[in-house]
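Notes for the one structure printed next.
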Amino acid sequence: MNNLEIFDILEKVKNIIVIPPDIKKILNEVNLNIQKTQAFGTPLGCFILAEGGMGKTTICKAIMSQYKSSYEEIDGAVQQKIPAFYIEVPSPVTVKSLAAHMLTQFNDPTPTIGDTLQLTNRLCQCIENCQTKLVILDEFHHLVDLTKTSKRLNQNVASWIKNLVNRTGITFCLVGLPEFESIIKDDTQLARRFPLSFKFRNLQYSPNKNGTIQKFLEQYQRNILENTPVTFVLPLHDQLLSLQIFAATNGNIAFINLLIKQTIFLTLNNNRTIVTTQDFAEIWETGITNYVTLTPHNPFNMNINTLSIKLRIQQ
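So this is what it looks like as structure tokens:
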């Protein structure tokens, strides 16, 4: 198998997105928030919180996929509809830089031109004209000024966000790390505008095969089989293999993805399409999951009894 064929398969694997049950639940809650905001006439903002690598980007993509932009003719003129948009809070952040980032989502030709009030007025007009219902602000920890001795909310930007929420009356969603939520909520007025918090945690293993990691791996493998020639000696959700993957990654979605992709690359590079447990063992030895692994010894070389004892899991 040549490099072109290998990387074509890897590209297909890279494009596979599996949404775990917890993320599906949060997705439904965010959609419900938008409906409540419209029904109550009061904006309901929310936090989406997760540690690094736990799927924050995945859930943002999943939300945005439900709110696609379109065009419609109004009074003889073509108007773009942008029901939702996503941006990362810039670092360092100022009111003007954040407003400009938002204006670029509406294809504003001069997003940085004007004073703060002018940018805000243009942004509010764009949100109204384009019938925007949801704004997702990722990396919200950039709203916090960090020093060696303190963590303080950027009050200028926080006040501007409060004003923007009030003026637009739509749902805003702050996405980021759990440890920064309390700093944001120390501002009671801002906390009132973001009353809901949705948290998702590492995927969990269950001996009865109903763990979130087993369900995730089952869907992951199904997508791989449907889109590539890659197969597995043992199903990814097999009782032992899923436990080994859990031990190697602690259920962290980013590291699960990395482990599987690297293992598939190793298999293809050895001119095979059938992935073995030994392939996983070899990749584990490279140390790519050292940051999260639950065991200092290679889990892919252990049987289910030994590994269960080490992880204190009753089979």
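Residues in the sequence shown are numbered from 683 upward in steps of one, following the numbering used here.
Ideal placement from N, C-alpha and C gives every residue a C-beta, glycine not left out.
Rounded distance between the beta-carbons of residue j and residue i, thought under 8 Å
i, j, result
"LYS778", "THR798", "6 Å"
"LEU825", "VAL857", "The Cβ separation is near 12 Å, so there is no contact."
"CYS812", "THR850", "Actually they are not in contact, since the Cβ atoms of CYS812 and THR850 sit about 11 Å apart, beyond 8 Å."
"ARG875", "VAL847", "5 Å"
Where residue i falls: helix, strand or coil (DSSP)
i, result
"GLN787", "coil"
"LYS743", "helix"
"ILE716", "helix"
"LEU918", "coil"
"PHE777", "Note that residue 777 corresponds to Val in the displayed sequence, not to Phe. DSSP places VAL777 in helix when its eight states are reduced to three."
"VAL847", "helix"
"SER752", "strand"
"PHE854", "strand"
Rounded separation between residue i and residue j - CA only
i, j, result
"GLN921", "PRO889", "7 Å"
"VAL912", "ARG954", "9 Å"
"ASP704", "CYS728", "16 Å"
"THR959", "ASN980", "11 Å"
"VAL817", "LEU692", "32 Å"
"SER879", "PHE862", "12 Å"
"VAL771", "LYS707", "25 Å"
"ASN789", "ILE809", "12 Å"
"GLY734", "CYS742", "14 Å"
"GLN996", "THR988", "11 Å"
Whether residue i touches residue j by CB criterion (7 Å)
i, j, result
"LEU948", "ILE965", "yes"
"LEU976", "ASN932", "yes"
"LEU709", "ALA744", "yes"
"TYR887", "LEU925", "yes"
"GLY946", "VAL695", "The amino acid at residue 946 is misidentified as Gly; the sequence shows Ile. Yes, Cβ-Cβ distance for ILE946 and VAL695 is below 7 Å."
"LEU885", "PHE898", "yes"
"TYR753", "ALA766", "no"
Terminal residues of the beta strand (DSSP E) in which residue i lies
i, result
"SER990", "Here SER990 belongs to no beta strand (DSSP E); instead the alpha helix (DSSP H) covers 986-993."
"GLU861", "No beta strand (DSSP E) holds GLU861; DSSP gives it neither H nor E."
"TYR768", "766-770"
"PHE822", "Unbroken run through PHE822: none, as it is neither H nor E."
"ILE699", "Premise fails: ILE699 is in no beta strand (DSSP E) and is neither H nor E."
"ALA936", "Note, ALA936: premise wrong, no beta strand (DSSP E); alpha helix (DSSP H) at 935-951."
"ALA759", "759-763"
"ILE730", "728-731"
Run of the alpha helix (DSSP H) containing residue i, from where it starts to where it stops
i, result
"ARG834", "No alpha helix (DSSP H) contains ARG834, which is instead part of the beta strand (DSSP E) from 833-835."
"GLN886", "Premise fails: GLN886 is in no alpha helix (DSSP H) and is neither H nor E."
"PHE924", "Residue 924 is actually Ser in this sequence, not Phe. Its alpha helix (DSSP H) spans residues 921-931."
"LYS897", "894-909"
"CYS806", "798-811"
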